[in-house]
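Here the structure comes first, spelled out in structure tokens, and everything after it is commentary.
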Amino acid sequence: MANDRFASAHEMVREYAELEAAMADPSIHDDQGKARQLGRRYAQLGPVVAGFKEWKSADEDLTAAKELAATDPDFASEIPALEETAHKAAEKLEELLLPRDPNDDRDVILEVKAGAGGDESALFAGDLLRMYMRYAEKRNWKVEILDATESEMGGYKDISVAVKSKGTAAPGESPYARLKFEGGVHRVQRVPETESQGRIHTSAAGVLILPEAEEIDVELNMNDVRVDVYRSSGPGGQSVNTTDSAVRLTHVPTGIVVSCQNE
Numbered sequence: 006m007a008n009d010r011f012a013s014a015h016e017m018v019r020e021y022a023e024l025e026a027a028m029a030d031p032s033i034h035d036d037q038g039k040a041r042q043l044g045r046r047y048a049q050l051g052p053v054v055a056g057f058k059e060w061k062s063a064d065e066d067l068t069a070a071k072e073l074a075a076t077d078p079d080f081a082s083e084i085p086a087l088e089e090t091a092h093k094a095a096e097k098l099e100e101l102l103l104p105r106d107p108n109d110d111r112d113v114i115l116e117v118k119a120g121a122g123g124d125e126s127a128l129f130a131g132d133l134l135r136m137y138m139r140y141a142e143k144r145n146w147k148v149e150i151l152d153a154t155e156s157e158m159g160g161y162k163d164i165s166v167a168v169k170s171k172g173t174a175a176p177g178e179s180p181y182a183r184l185k186f187e188g189g190v191h192r193v194q195r196v197p198e199t200e201s202q203g204r205i206h207t208s209a210a211g212v213l214i215l216p217e218a219e220e221i222d223v224e225l226n227m228n229d230v231r232v233d234v235y236r237s238s239g240p241g242g243q244s245v246n247t248t249d250s251a252v253r254l255t256h257v258p259t260g261i262v263v264s265c266q267n268e
């Protein structure tokens with residue numbers, strides 16, 4: 006019955022051993038993409054394998070104590086403690102076997118966007134960002150600003166950052182696993198710096214958490230890419246309006262468009 010109960014764990018132990026053998030083969034590094042994929046799966050299975058071995062050892066100790074107690078009553082006193090140990094190990098293993106979010110080992114792109122409320126919402130968005138950056142620093146993650154639009158008072162109208170674990174996060178402890186539930190609308194009620202009469206305002210900011218896409222090798226035929234050069238937009242009178250200072254690339258087969266401009 007115990008074997009049936011943890012049949013999936015038996016399969017994972019077998020898979021773990023196969024992955025270990027595959028990763029020991031030097032030729033695996035000829036394909037970096039495959040090596041990363043196997044390494045990620047190996048790391049995912051590690052806690053399950055450790056939990057299975059812990060439960061199996063506790064279960065075997067309990068079985069042995071019961072067999073000895075059948076002929077020698079002195080061993081019966083050890084059974085309650087061994088039962089408790091085996092029960093806790095089984096509960097831990099059951100938890101490890103629960104289905105996991107396939108993105109839980111990934112880094113993230115985190116975006117904070119100020120909502121209605123003008124400068125105060127932008128300040129609140131900045132406060133949220135600093136909170137996430139301090140949390141990332143505490144967990145030894147790297148934060149890289151990708152894009153930002155600052156407000157006049159030092160907040161952010163919107164900002165996007167990449168949060169990376171630098172490969173140090175344990176399974177289930179990655180930026181995505183830790184931050185995914187932060188996505189949504191955040192609100193605060195306070196007397197803002199922009200309020201001169203001491204009234205309480207409600208400000209909001211939206212947070213978006215996206216798992217970082219895996220790196221893949223892509224062969225791009227530049228004959229499929231259309232390049233358009235044009236004058237970028239901006240406040241009137243700036244040179245950006247009078248020179249070709251923006252570029253737009255269009256991948257014709259898919260319709261994907263990227264653009265960049267000097268401001």
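Here this note's numbering runs 5 ahead of the position in the sequence shown, where the first position is 1. All C-beta atoms in this analysis are idealised placements derived from N, C-alpha and C, irrespective of residue type, glycine included.
#1: Nearest chain C C-beta to Val148 closer than 9 Å, yes or no?
#2: Taking 8 Å as the cut-off, does the CB of Ile205 come closer than this to any heavy atom belonging to the ligand SAH?
#3: With a 10 Å radius around its C-beta and 16 neighbouring C-beta atoms as the bar for buried, classify Gly160 as buried or exposed.
#4: Closest to Val113 by CA distance: which of Arg19, Ile84, Trp146, Ala127 is it?
#5: Buried or exposed: Met6, going by 16 or more other Cβ atoms within 10 Å of its Cβ?
#6: Could you name the residues that DSSP lists as bridge partners for Asp163?
#7: By Cβ distance, which residues of its chain are closer than 8 Å to Glu88, with the 5 residues on each side in sequence left out?
#8: Which residue from Ser82, Ile205, Asp124, Ala94 puts its Cα closest to that of Lys285?
#9: What are the start and end residues of the alpha helix (DSSP H) that includes Leu213?
#10: First and last residue of the alpha helix (DSSP H) that includes Leu43?
#11: Kindly identify the DSSP beta-bridge partner or partners of Lys93.
#12: Excluding the 5 residues flanking Glu116 on each side, which residues of the same chain have their C-beta closer than 6 Å to its C-beta?
#13: Go ahead and label Phe129 buried or exposed: buried means 16 or more other beta carbons lie within 10 angstroms of its beta carbon, across all protein chains shown.
#14: State the DSSP-derived secondary structure class of Lys147, mapped to helix, strand or coil.
#15: Identify whether Val263 lies in helix, strand or coil by the three-state DSSP scheme.
#16: Bridge partners of Gly188, per DSSP?
#17: So the candidates are Val148, Lys143, Leu134, Val232; which of them puts its Cα closest to the Cα of His191?
#18: Restricting to Cα atoms, I'd like to know which of Val18, Arg144, Gln202 is closest to Val53.
#19: Please name the residue, chosen from Glu219, Thr255, Ser32, Ala210, that lies closest to Val232 on a Cα-to-Cα basis.
To lay it out plainly:
#1: This model lacks chain C altogether, as it is built from one protein chain only.
#2: The ligand SAH is not part of the structure shown, which contains no ligands of any sort.
#3: By the 16-neighbour rule on beta-carbons within 10 angstroms, Gly160 is buried.
#4: Minimum Cα distance to Val113 is reached at Trp146.
#5: Only weak support exists for where Met6 lies, its pLDDT of 41 falling under 50; the coordinates are left without a value.
#6: Its beta-bridge partners are Lys118, Thr154.
#7: Hits under 8 Å: Leu67.
#8: With the chain running from 6 to 268 in the structure shown, residue 285 is simply not present.
#9: Not the alpha helix (DSSP H): Leu213 falls in the beta strand (DSSP E), residues 206-216.
#10: Its alpha helix (DSSP H) spans residues 37-74.
#11: Checking the DSSP bridge columns, you'll see Lys93 has no partner listed.
#12: Ser165, Leu213.
#13: Counting the other CB atoms within 10 Å of its CB gives Phe129 a total of 16 or more, which places it among the buried residues.
#14: Secondary structure at Lys147: strand, using DSSP grouped into helix, strand and coil.
#15: For Val263, the three-state secondary structure derived from DSSP is strand.
#16: As DSSP reads the structure, Gly188 sits in no beta bridge.
#17: Measuring from the Cα of His191, the nearest candidate turns out to be Leu134.
#18: Comparing C-alpha distances from Val53 to each of Val18, Arg144, Gln202 shows the shortest one belongs to Val18.
#19: If you compare the alpha carbons of Glu219, Thr255, Ser32, Ala210 with that of Val232, the shortest gap goes to Thr255.
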